[in-house]
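Reviewing the structure listed below.
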Ligand code: ADP
Ligand code: MG
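In my numbering, the protein residues as written are 5 to 348.
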């Protein structure tokens, strides 16, 4: 991990020295951040806005594999996955806290690399790191991030407002992160069996980037705001489109119909899926971690969204009794399940 460069043991700094080291250059982006790192608690003033809170825990070996995840990317992604949840509420993220536990396998240089990614995400999205906690662990790395955001009272969007006849929209494209993961897992397996073989990642930057360096769709929330569109329901796509659609259907007490030929899949993802003899549609439906947004809008908002290249209309909201269904390119109808859809 230290690639032969300097290795500074964390023990040379001590806990407080480490916290000071990791947080000394913080500059705030938000007027709502009244007090940040350095006291018993941070202070936030949301000036009459409503506050959104969300938290995520990332555990080494469960959520990430350091064999193919650079620490800087991991730091970046730890922040992004939380910001994505805030945007999915139609809110603007403003502050994050970050807690980490790490074994003595991690040097100061390794933590610095991780925090480089954290601060890159904070700067890009204009959020302030205002606190956290630091601990050692017996084994592995654990990361817990909490994000706070603000929203004009009543403007937040939940999962339960989808109405029959609404249009179902998704941002960006789907399945890429899953294919990136499949590729890296395959190369890892080959490497473990034959370490002399160099990993073959040639030409697969897109899908690898989708997994290791996801972005949160701040631009979509801004676009919706500019167009005066308030989605009736919204979620971010972390587990996979089918799983998220089923959540919206259940909580909104509706059904849905989506069209296979409308699912946005990048050409790079499609090509790689074919190479592995995977069905690109199944990857788009069930592959997780794309951190795109899925949302429903009233039909009268269609004209405002149709010209956006960032958003695809993939289907419509139906009655609960109709269930959740996908219509294939061949015109067949299948039930959507959390794993994709039931076997053809
Ligand atoms: P306490 O004993 O109250 O938990 P700490 O000594 O753990 O306080 O933390 C001191 C300050 O540093 C607090 O503001 C805390 O939020 C912040 N902090 C601790 N660990 C981290 C970290 N890993 N990243 C950012 N801020 C941190
Ligand atoms: Mg503490």
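Quick reminder that beta carbons are idealized off the backbone N, C-alpha and C, glycines included.
Which residues DSSP lists as bridging residue i, in chain order
| i | result |
| --- | --- |
| residue 59 | 150 |
| residue 139 | 105 |
| residue 210 | Note: residue 210 sits in no beta bridge, so no partner. |
| residue 132 | 99 |
| residue 329 | 261 and 339 |
| residue 54 | 155 |
| residue 48 | 37 |
Residue i, enclosing beta strand (DSSP E) - first and last residue
| i | result |
| --- | --- |
| residue 302 | From DSSP, residue 302 is part of no beta strand (DSSP E); its letter is neither H nor E. |
| residue 104 | 96-106 |
| residue 79 | It is not in any beta strand (DSSP E) - residue 79 instead sits in the alpha helix (DSSP H) that spans 75-91. |
| residue 322 | 315-323 |
| residue 37 | 37-39 |
Host alpha helix (DSSP H) of residue i (start-end)
| i | result |
| --- | --- |
| residue 284 | 284-290 |
| residue 27 | 18-27 |
| residue 228 | 222-230 |
Secondary structure of residue i, DSSP reduced to three states
| i | result |
| --- | --- |
| residue 65 | coil |
| residue 386 | With the chain running from 5 to 348 in the structure shown, residue 386 is simply not present. |
| residue 123 | helix |
| residue 72 | coil |
| residue 348 | Because residue 348 sits at a pLDDT of 39, beneath the cut-off of 50, its placement in the model cannot be relied upon, and the point is left open. |
| residue 250 | helix |
| residue 309 | helix |
| residue 267 | coil |
| residue 272 | helix |
| residue 14 | helix |
| residue 3 | Within the shown structure, residues of the chain are numbered from 5 to 348, placing residue 3 beyond reach of any answer. |
| residue 116 | helix |
| residue 278 | helix |
| residue 145 | coil |
| residue 111 | coil |
Quiz item: Quick check: the region 170-189 against the region 262-273, are there 3 or more CB pairs under 8 Å?
Solution: yes
Quiz item: Do the region 119-127 and the region 247-257 meet, that is, are 3 or more Cβ pairs less than 8 Å apart?
Solution: no
Quiz item: Counting Cβ pairs closer than 8 Å, one from the region 17-27 and one from the region 107-116, do we hit at least three?
Solution: yes
Quiz item: For the region 293-310 against the region 197-208, are there 3 or more C-beta pairs whose distance is under 8 Å?
Solution: No contact exists between the region 293-310 and the region 197-208.
Quiz prompt | In chain order, each alpha helix (DSSP H) run of at least 4 residues that lies wholly inside the region 155-213 | solution = 180-197
Exercise. Inspect the CB distances between the region 84-100 and the region 153-165 and report whether three or more fall short of 8 Å.
Key: yes
Quiz item: Is there contact here, the region 273-281 with the region 318-332, by at least three beta-carbon pairs under 8 Å?
Solution: no
Quiz item: Can you find at least 3 beta carbon pairs, one from the region 180-197 and one from the region 335-343, that sit closer than 8 Å?
Solution: By the Cβ test, the region 180-197 is not in contact with the region 335-343, since fewer than three Cβ pairs between them sit closer than 8 Å.
Quiz item: Three or more C-beta pairs closer than 8 Å, one from the region 43-50 and one from the region 78-94: is that the case here?
Solution: The region 78-94 and the region 43-50 do not touch, with fewer than three beta-carbon pairs separated by less than 8 Å.
Practice problem: Could you tell me whether the region 179-187 touches the region 206-221, where touching means 3 or more Cβ pairs closer than 8 Å? | Solution: yes
Self-check item: Inter-stretch contact at 8 Å, needing at least 3 Cβ pairs: the region 133-148 / the region 56-69
Solution: yes
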